[in-house]
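The block underneath contains the structure these notes are about, expressed in structure tokens.
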Amino acid sequence: MKHSELLTKRFDKNIAGVLNCFDRLVLFGTYQPICYPQVMSWQLHEAGIQLIDYEKKFANKLRLEMTARIKNIATQEGIPIKNVYASVRKEAFVSEILSARGDAPGIVCILSAMESCRCFKVRKNHKSGYLELQWKPGKCLHYYVYLMDPDYGLCYLRIPTWAPFRLQFYFNGHDWLQRRMAAEAITYRKADNCFVHVSDFERAQSIVDTFDVKSLHRRLDQLAARFVAVHGRWGQGLHWSIYQAEWATDVVFKSSRILPVLYEDLVRTAAIEIKCADIYGFLGRRLSVKPASQVSNRLQTLIEGDSY
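Residue numbers (our numbering): 535 to 842.
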């Protein structure tokens, strides 16, 4: 196979359709008026709070407000808040709940976990001799509000309870697209997280190509206004940015007999041709000349037979 030849071109006669769309998307929500030490210091000055009282008179009071808001919503919705360890796979827990409740819109569950965060600490600047706010690693209680959104499917909003309250929002582009296709009367069949049948690939792709970012922003701001107690405290200063984004290509073959043979060839070729340095590059890392540990790959062919 020529390196410049696309798989979709070579096997065009065997392919029913190709669909490109967003897959896993994780966004950060940053409150810009308090997002770094200098602007937070200015907010304290405007509120008449001395730096030495940052935690007691500012950060801790807001923490109590954030916690109270989530607890009140949980009580109103009749949903218990379940505390989990940070290492627990939250998706497995949520899947169990979904299997019982179904996919009706609304809050699925609320989880809480003590997790790492970036926060401010009052420290002395040894050059100036004055106290100032500085970044430091820390931990605080985080709430995961899992929702079944009518437009975006299963989502979660991760809410830290300690300033500067950087939010995290997750949704899956495949879930969003299946709802849009259903609204457009495009039939589809989905296996796990990919489409194995789409009645009109061209129309489905046009839906993806017209993804409305402004509508997503409006939904994000609505969620923040509902679940984040400090939202709007400093004006319209919530900025959303992409943290992680996956772009998927679903290649649907006309027959289920074609892919297994092709897949075996692809895996073998990848194991032979793709080296460790290529994997590092794919992950956005550079393979150093003197790595801290050995990096290697190995291909084995095991032949079944009688042992002697």
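Backbone N, C-alpha and C fix where the C-beta goes; we use that ideal spot for every residue, glycine too.
- Element boundaries [beta strand (DSSP E), containing residue 707]: Segment 707–717 is the alpha helix (DSSP H) holding residue 707; no beta strand (DSSP E) there.
> In chain order, what residues of the same chain have a beta carbon less than 8 Å from the beta carbon of residue 654, not counting five sequence neighbours either side?
Replying inline: 571, 574, 588, 593, 667, 668, 669, 670, 697, 698
Original post:
Going by Cα to Cα distance, which pick from 775, 562, 809, 768 is closest to residue 651?
Top reply: 562
**Study point:** Burial state of residue 835, where buried means 16 or more other Cβ atoms lie within 10 Å
**Key:** exposed
Item to check | Alpha-carbon spacing of residue 560 relative to residue 688, whole angstroms | outcome: 13 Å
| For residue 780, which of 585, 735, 708 has the nearest alpha-carbon? | 708
* **Contact belief for residue 585 with residue 656 at Cβ below 8 Å, rounded distance in angstroms** => 5 Å
**OP:** Leaving aside the five residues before and after residue 821 along the sequence, list all residues of the same chain whose C-beta is less than 6 Å from its C-beta, in chain order.
**Re:** 811, 814
List the DSSP bridge partners of residue 656. 667
Please give me, in chain order, every unbroken run of the alpha helix (DSSP H) with length at least 4 that falls completely inside the region 762–829. 792–807, 810–816
Exercise. Spatial neighbours of residue 705 within its chain, please: CB distance less than 8 Å, with the 5 preceding and 5 following residues excluded, ordered by chain position.
Key: 559, 683, 686, 687, 688, 689
- Query: residue 548 and residue 787 look like a contact to me (Cβ under 8 Å); what is the Cβ gap, rounded to whole Å?
  - Reply: 6 Å
Let's test the definition: count the other Cβ atoms within 10 Å of the Cβ of residue 692 and tell me whether it reaches 16, buried, or not, exposed.
buried
Point to revise | From 630, 785, 758, 832, residue whose alpha carbon lies closest to that of residue 774 | key: 758
Practice problem: Report the option in 761, 772, 726 whose CA atom is closest to the CA atom of residue 557. | Solution: 726
Beta-carbon gap between residue 646 and residue 615 smaller than 7 Å = yes
Specify, as a first and last residue, the run of the beta strand (DSSP E) that residue 623 falls within.
-> Element bounds for residue 623: n/a, residue is neither H nor E.
Specify the secondary structure class of residue 734 as computed by DSSP and reduced to three states.
coil
Quick one: what's residue 552 bridged to in DSSP?
-> 785
Practice problem: For residue 535, name the three-state secondary structure that DSSP assigns. | Solution: Its pLDDT being 45, under 50, residue 535 is placed unreliably in this model, and the coordinates cannot settle the point.
### Query
Exposed or buried, what is residue 751 when buried is set at 16 or more other beta-carbons lying within 10 Å of its beta-carbon?
exposed
* Segment limits, alpha helix (DSSP H) that includes residue 608 -> 594–611
Reduced DSSP secondary structure (H/G/I, E/B, other) of residue 834 | coil
Distance, Cα to Cα, residue 755 vs residue 679? 15 Å
- Is the beta carbon of residue 710 less than 7 Å from the beta carbon of residue 567? no
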